[in-house]
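Q: Residue numbers (the numbering used here): -15 to 596. Backbone N, C-alpha and C fix where the C-beta goes; we use that ideal spot for every residue, glycine too.
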C-alpha cells in the first residue's frame, strides 16, 4: 500500500522541476512511511511513498524496466493477491525477476500485456505506467475502486495522485470548487468519477485513463456483468463459502504483522473465523481488534439503525476462535476534539465526514498501527449480499430514488437544510438527485424476461455496488492510510461480487433475513448469537458529552459571523438546530457535524468558491 503521484507534460520538462513532484509526493507521507522515491525524464516525473508489505527490501519504487526503445516506469499502490501465479506464468514467457515483490509482477505484466494486464489481476490496486517507448501514460484502477486515484488535465498533459491533496500541491492548480462540485458533495449520490475540485476527476473503478501528446482517453475494462444464475440454492451457498475462503486465504499473505477488524457482526465474524482456521493450520494465533465507546454497552439505547451494542458479540466470536483480542474504547471528549476533526478532514480532503464515526475510526486505526501493518475488514458485505435495512423496507424499496437517501437514518434527511436559502436554490438538490437517479437507473442492464421485483432489486444492488460502496471504501482507505495502516477487503473480490450480483434476489433473502447467502455459507463457523444478530452499522456514540461538545463548538463558531462558512451556512438554522437534543445519532446531529466539517475545511484548504 502506497501513495503515487505524477506530472506529464508534452511541452515543458517536468524532470527539471523535481522539487514540485517531491512536494506533491510529500503530501502523502502517511500513506508510505517506509520509503520515498522519484523518477524524472524529459516529459514525465513520478513520485512514490511506500508502505512496505510484500518484499520490504526488494519492492522499492518507482520501479523501472529498460527496453531498447525506452524505459518503462511504474508507480503502484495496492496488493495483487494472485501475483505468485502471474509471476510463474510470466517466467514461463521468458521474463526474469529480481525481487519477490508484487510490484515487479505488475511491471512485467504491463510489458507483456499492456494495460490489459489489469484484467488478469486479483486485488486492490491503482497504478501509473509511464512508457517512454511511445511517451504514453497509463492510469489503472481496480474493479471495485478500493484504492483511490485522481487526475487533472493540464494545458499540455496531466497531473495525477492517489489523493486530491497531491494534485492541489502543484503550483499550476487553482483550488476551485464550483456549483457542480458542491452540489454533489451535498447530494450524496456518489456520481462516478466525481471529484470535489473543478477540473479534477477520479479514475473510474475498473477504469483505464490513457494520456498521449494527442490527448486523454478513458475506457473501462470491467463492469458488473449480467448473466443468468444457473446454480440451485445449495450449490450457491457452497460456492459463496468456497470463494470467500479462497479470497481470505489469498489476503492473509503479507511479510508484515497482520490482524482482523472484528465488530461482532456477521460480516467481520465470518472473515475472522475463516482467517483463524487458516492460520491455525500453521500454528499461528489470530490478532483481532474492535472499536467501542466508553460506557456504550451499559447505556445503549436501540433505534431503527443500531439494534444492539457490539461488545457481547465480539466476545462470543473472539472466544470461539481463540483470538488474541483487544477492544479499543474512546471517550466522547476525545472524539469531539476539533484538532482531531481537522486531522480527519485533511486525511479525506472532504468536509463531509461521518462525525465521531470517522474520528473514532482514525483513533482506532492509529492504535492498531502500533502493532500491525495490515488488517482484514468486513467492509462491503452489505453491498454485495444486500444487508442494508433499507433494502428490506418496502416503502424505501418502492421510492424512486437512491435508497440511502429515502430511508430514515442519519444519512437521510434534508441534506441541504444547513445552507442559506439562496444557496439551496442555486444547488437545487432535489432536481439534481432526480436526474442522477434517472441516469443511474437507465444504465443498469437486466436479464430478458426478469420480473418486476427482480428488476427492482437488481437496480438497487447495482446502485450500492457502483455508487454507495465507493464512498465507504474511500473513507476506510483515506483514514486508515493516514496512519499507514493497510486495510484489505475480502468481500470486494470481483469473483465473489460478480457471482452474488447475479444470484436472484429470492436467494439473497431466502430465509426472510438480510444476507441469507452469507449467513448460511458460514453457519458452521459462527455462534448462534452472531448468526441471528440484526445488521448493526459501525458504532456511533450516544453519550451526551459528545452532544454537549458539538453544541459548544457551534456557539463558538457563531461568534465568528464573518467566517467564510457563513457565505454558505444559515446561522439561524445552525442556532436553532444546535439547541435540539443531539445526544442520539440523528440527521440533525449529522448535519451539525457536517457544518463543523465545512468550517474547518474552509480554514485548511482555502478553496476558491465559484458558485453561480
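Return yes when the Cβ of residue 6 is within less than 8 Å of the Cβ of residue 44, no when it is not.
A: No, the Cβ-Cβ distance between residue 44 and residue 6 is not below 8 Å.
Q: Going by beta-carbon coordinates alone, are residue 275 and residue 348 separated by less than 8 Å?
A: Yes, the Cβ-Cβ distance between residue 275 and residue 348 is below 8 Å.
Q: Is it true that the CB of residue 253 sits closer than 8 Å to the CB of residue 471?
A: Not a contact, by the Cβ cut-off of 8 Å.
Q: Alpha carbon to alpha carbon, how far is residue 188 from residue 135?
A: Going by the C-alpha atoms only, they are around 11 Å apart.
Q: Using the Cα positions of residue 680 and residue 579, report the straight-line distance between them to the nearest angstrom.
A: This structure gives no information on residue 680, because the portion of the chain shown stretches from -15 to 596.
Q: For residue 81, list the residues DSSP reports as bridge partners.
A: Its beta-bridge partners do not exist; DSSP assigns none.
Q: Hey, how far is the Cα of residue 326 from the Cα of residue 122?
A: About 34 Å.
Q: Could you please give the first and the last residue of the uninterrupted alpha helix (DSSP H) stretch that includes residue 568?
A: That residue, residue 568, is in no alpha helix (DSSP H); it is neither H nor E in DSSP.
Q: How far does the alpha helix (DSSP H) with residue 352 in it extend, from its first residue to its last?
A: Taken as a continuous stretch (DSSP letters only), the alpha helix (DSSP H) holding residue 352 covers 340 to 353.
Q: Starting from residue 476 and walking both ways along the alpha helix (DSSP H), at which residues does that stretch end?
A: It is not in any alpha helix (DSSP H) - residue 476 carries neither H nor E in the DSSP assignment.
Q: Using three-state DSSP, classify residue 293 as helix, strand or coil.
A: Coil, per DSSP.
Q: If residue 298 sits next to residue 266, beta carbons under 8 Å apart, how far is it from one beta carbon to the other, in whole angstroms?
A: Not really, about 25 Å apart at Cβ, beyond 8 Å.
Q: Whole-angstrom Cβ separation of residue 144 and residue -11, contact assumed at under 8 Å?
A: The Cβ separation is near 7 Å, so the contact holds.
Q: According to DSSP, simplified to helix, strand and coil, what is residue 363?
A: Residue 363 falls in the coil class under three-state DSSP.
Q: Should residue 106 go down as buried or exposed, given a rule of 16 or more other Cβ atoms within 10 Å for buried?
A: Label assigned to residue 106: buried.
Q: Report the rounded CA-to-CA distance for residue 622 versus residue 565, giving the unit in angstroms.
A: Since the displayed the chain opens at -15 and closes at 596, residue 622 lies outside it and no answer follows.
Q: Express the C-alpha separation of residue 113 and residue 51 in angstroms, rounding to a whole number.
A: Cα to Cα, the separation comes out at about 14 Å.
Q: Classify residue 22 as buried or exposed, calling it buried when 16 or more other Cβ atoms lie within 10 Å of its own Cβ.
A: With 16 or more Cβ atoms within 10 Å of its Cβ, residue 22 is classed as buried.
Q: At 4 residues or longer, and completely inside the segment 445 to 526: list those alpha helix (DSSP H) runs for me, N to C.
A: Correct list: 453 to 465, 478 to 486, 489 to 492, 500 to 505, 512 to 515.
Q: Quick one: give me the first and last residue of the beta strand (DSSP E) that residue 309 is part of.
A: Element bounds for residue 309: 308 to 314.
Q: With distances taken Cα to Cα, identify the nearest neighbour of residue 288 among 268, 577, 570.
A: For the residues 268, 577, 570, the minimum Cα distance to residue 288 belongs to 570.
Q: Going straight from the alpha carbon of residue 250 to that of residue 428, what length do you get?
A: In a straight line, the C-alpha of residue 250 is about 29 Å away from that of residue 428.
Q: Does residue 45 come out as helix, strand or coil in the three-state DSSP assignment?
A: Residue 45: coil per DSSP, three-state reduction.
Q: Quick one, are the C-beta atoms of residue 194 and residue 271 less than 8 Å apart?
A: Cβ atoms of residue 194 and residue 271: not closer than 8 Å.
Q: My output table needs one value for residue 111: the three-state DSSP class, helix, strand or coil.
A: Strand, per DSSP.
Q: Quick check: what's the CA-CA separation for residue 499 versus residue 445?
A: In a straight line, the C-alpha of residue 499 is about 12 Å away from that of residue 445.
Q: Let me check understanding here. Comparing Cα to Cα, which of 573, 543, 552 lies closest to residue 534?
A: Ranking the options by Cα distance to residue 534, first place goes to 573.
Q: At which residue ranges does the segment -9 to 62 contain complete alpha helix (DSSP H) runs of 4 or more residues, listed in the order of the chain?
A: You should have 2 to 10.
Q: Classify residue 76 as buried or exposed, calling it buried when 16 or more other Cβ atoms lie within 10 Å of its own Cβ.
A: Result: exposed.
Q: Are the beta-carbon atoms of residue 228 and residue 505 separated by less than 8 Å?
A: Yes; because the gap between Cβ atoms is below 8 Å, this pair is in contact.
Q: Assess, as a yes-or-no matter, whether the segment 278 to 295 is touched by the segment 229 to 240 under the definition of 3 or more beta carbon pairs within less than 8 Å.
A: At 8 Å Cβ cutoff, the stretches do not touch.
Q: If I measure Cβ to Cβ from residue 380 and keep anything under 6 Å in the same chain, skipping five residues before and after, which residues do I get?
A: Here the set comprises 374, 387, 390, 391.
Q: Can you tell me where the alpha helix (DSSP H) with residue 530 in it begins and where it stops?
A: Per DSSP, residue 530 belongs to the alpha helix (DSSP H) from 528 to 542.
Q: Could you tell me the boundaries of the beta strand (DSSP E) in which residue 89 lies?
A: First-last for residue 89: 86 to 97, but that is the alpha helix (DSSP H), not the beta strand (DSSP E).
Q: Could you check the C-alpha separation between residue 203 and residue 94 for me, to the nearest Å?
A: The straight-line gap from Cα to Cα measures roughly 17 Å.
Q: According to DSSP, simplified to helix, strand and coil, what is residue 199?
A: Looking at residue 199 - three-state DSSP - the assignment turns out to be strand.
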